[in-house]
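For what it's worth, full-length UniProt numbering labels the leading residue of the sequence shown as 1, then goes sequentially. Backbone N, C-alpha and C define an ideal beta-carbon position, used for all residues, glycine too.
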Amino acid sequence: MMDSFSLKHRSHYFVRAILLCCLAFYIMGLNNSDALHYYLAPHMQRLLLLCPIPLLFIAFGMLWHAMMGDSAQICDCEHPLPGGLLKSTGVYGMFAIPLLFGLLLPDQALGSDMAAKKGIVYSFPDPELEHKAKPTAPLVPALSTLDEMFIPRDIYSVEFSELAKRLYTLPVIQVDPLIFSETIGSIDMYKEHFADKKIVLQGFVFREEDMPPDSFALTRFLVMCCTADAVPFGVLARGDEVSALEEDAWIELEGTIGVGNVNGEERLQITVDQIRSVEQPATPYIFTHPDSVAAFDAKN
1 MMDSFSLKHR
11 SHYFVRAILL
21 CCLAFYIMGL
31 NNSDALHYYL
41 APHMQRLLLL
51 CPIPLLFIAF
61 GMLWHAMMGD
71 SAQICDCEHP
81 LPGGLLKSTG
91 VYGMFAIPLL
101 FGLLLPDQAL
111 GSDMAAKKGI
121 VYSFPDPELE
131 HKAKPTAPLV
141 PALSTLDEMF
151 IPRDIYSVEF
161 SELAKRLYTL
171 PVIQVDPLIF
181 SETIGSIDMY
191 KEHFADKKIV
201 LQGFVFREED
211 MPPDSFALTR
221 FLVMCCTADA
231 VPFGVLARGD
241 EVSALEEDAW
251 IELEGTIGVG
261 NVNGEERLQI
271 TVDQIRSVEQ
281 PATPYIFTHP
291 DSVAAFDAKN
């Protein structure tokens with residue numbers, strides 16, 4: 001055992017307790033202000049909300065050691081405390097600096113600046129089709145039923161196939177943010193059958209450097225776990241009067257589905273019929289859904 005519970009040990013426990021308390025209250029503050037969705041997907045939010053109470057219990061235990069502890073509680077077998085002011089500042093700074101940034105910087109959604117850095121994804125790529133030779137002329141067979149039109153290409157595309165069957169029957173496809181990526185993925189996978197159908201969806205305006213003035217990408221960030229893995233997911237849109245649209249402006253786009261060219265590859269394209277300005281949604285990101293077909297059936 002150590003000879004005494006010195007001021008050094010008490011100060012280390014006190015700093016650790018303060019950091020844990022700040023982290024716990026920061027998490028609770030984000031939840032109370034409905035700002036957790038700026039950082040985490042819904043399933044990760046539920047896990048994070050399990051943390052504040054245990055963190056506070058640990059912090060209170062450390063505060064007790066800082067104020068009431070004696071030599072009996074300090075064992076030589078424990079992880080040693082950081083020695084020296086510089087080392088201690090570095091160790092605790094790794095926790096304190098992110099907390100300070102979180103407290104001082106505003107909670108806001110990712111936008112076009114981050115989309116430009118990450119690189120936009122225009123659709124779900126289909127490696128099987130990309131490596132096949134494309135026919136010189138498109139083949140449009142006379143298909144009579146939805147089952148014949150939307151045949152799943154493998155076991156992983158069954159959900160897209162089933163969702164596509166339901167979307168095809170709609171006079172106007174209203175893209176639900178709850179299943180945004182699945183809806184666009186289904187349409188893109190079977191874009192030859194969705195050609196000339198009407199669609200309505202919301203997102204923010206993003207333009208790549210080499211885009212012509214009549215084009216932009218209607219974009220949403222797809223978040224799997226947290227914003228660190230967020231992917232800018234876009235749909236190519238073209239129209240005669242879109243050059244005046246400002247980047248990061250949130251719009252609702254109504255248009256006609258077609259096929260465009262992005263970097264030499266065929267991608268889903270929407271010809272703009274009408275554009276309306278909208279407020280940024282309360283939840284600006286989109287997330288994957290475990291059962292998009294069930295979600296569609298529940299709302300239709």
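Range of the contiguous alpha helix (DSSP H) that encloses residue i
{"i": "residue 191", "result": "191 to 194"}
{"i": "residue 252", "result": "First-last for residue 252: 250 to 262, but that is the beta strand (DSSP E), not the alpha helix (DSSP H)."}
{"i": "residue 91", "result": "85 to 104"}
{"i": "residue 296", "result": "292 to 299"}
{"i": "residue 118", "result": "112 to 118"}
{"i": "residue 205", "result": "Premise fails: residue 205 lies in the beta strand (DSSP E), 198 to 206, not in any alpha helix (DSSP H)."}
{"i": "residue 65", "result": "52 to 68"}
{"i": "residue 147", "result": "146 to 149"}
{"i": "residue 159", "result": "158 to 168"}
{"i": "residue 9", "result": "7 to 32"}
Spatial neighbours of residue i in its chain, beta-carbon cut-off 6 Å, leaving aside the 5 residues before and after
{"i": "residue 231", "result": "121, 222"}
{"i": "residue 33", "result": "none"}
{"i": "residue 164", "result": "150, 186, 190"}
{"i": "residue 250", "result": "204, 278, 280"}
{"i": "residue 59", "result": "17, 20, 21"}
{"i": "residue 45", "result": "36"}
{"i": "residue 284", "result": "109"}
{"i": "residue 138", "result": "Residue confidence for residue 138 is low, a pLDDT of 40 falling below 50, so the modelled location carries little weight; the figure read from the coordinates is stated next. Result list for residue 138: empty, nothing under 6 Å."}
{"i": "residue 297", "result": "none"}
Limits of the unbroken beta strand (DSSP E) element including residue i
{"i": "residue 217", "result": "215 to 223"}
{"i": "residue 45", "result": "Not the beta strand (DSSP E): residue 45 falls in the alpha helix (DSSP H), residues 42 to 48."}
{"i": "residue 311", "result": "Here the chain has residues from 1 to 300 only, and residue 311 is not among them."}
{"i": "residue 173", "result": "172 to 174"}
Residues near residue i in its chain [Cβ-Cβ closer than 8 Å; skip 5 each side]
{"i": "residue 62", "result": "13, 14, 16, 17, 20"}
{"i": "residue 229", "result": "223"}
{"i": "residue 245", "result": "205, 216, 251, 275"}
{"i": "residue 48", "result": "27, 36, 40"}
{"i": "residue 156", "result": "none"}
{"i": "residue 291", "result": "159"}
Counterpart residues of residue i in DSSP-defined beta bridges
{"i": "residue 236", "result": "217, 269"}
{"i": "residue 287", "result": "223"}
{"i": "residue 242", "result": "In the DSSP output, where bridge partners are listed per residue, residue 242 has none listed."}
Proximal residues to residue i (C-beta, below 7 Å), its chain only, five neighbours per side dropped
{"i": "residue 133", "result": "Below a pLDDT of 50, predicted positions are generally treated as unreliable, and residue 133, at 36, falls in that range; the measurement from the model is reported next regardless. Nothing listed; no residue qualifies."}
{"i": "residue 287", "result": "41, 42, 223"}
{"i": "residue 272", "result": "237, 238, 239, 242, 253, 255"}
{"i": "residue 92", "result": "15, 19"}
{"i": "residue 55", "result": "20, 23, 24"}
{"i": "residue 102", "result": "26"}
{"i": "residue 107", "result": "35, 38"}
{"i": "residue 178", "result": "289, 295"}
Near the ligand GDP: residue i beta-carbon under 7 Å from a heavy atom
{"i": "residue 232", "result": "Absence of the ligand GDP is noted for the structure shown, with no ligands found whatsoever."}
>> Under 8 Å, with one C-beta from each stretch per pair, do the stretch 191 to 207 and the stretch 107 to 115 reach the 3-pair mark?
In response: yes
>> Assess contact between the stretch 263 to 271 and the stretch 151 to 171, defined as three or more Cβ pairs (one per stretch) separated by less than 8 Å. Is contact present?
In response: no
> Quick one: any contact between the stretch 208 to 216 and the stretch 21 to 31, if contact means 3 or more CB pairs under 8 Å?
Replying inline: no
>> Is it the case that the stretch 237 to 246 contacts the stretch 173 to 187, given that we only count it when at least three CB pairs across the two stretches are under 8 Å?
In response: Because the criterion of three Cβ pairs below 8 Å is not met, the stretch 173 to 187 and the stretch 237 to 246 do not touch.
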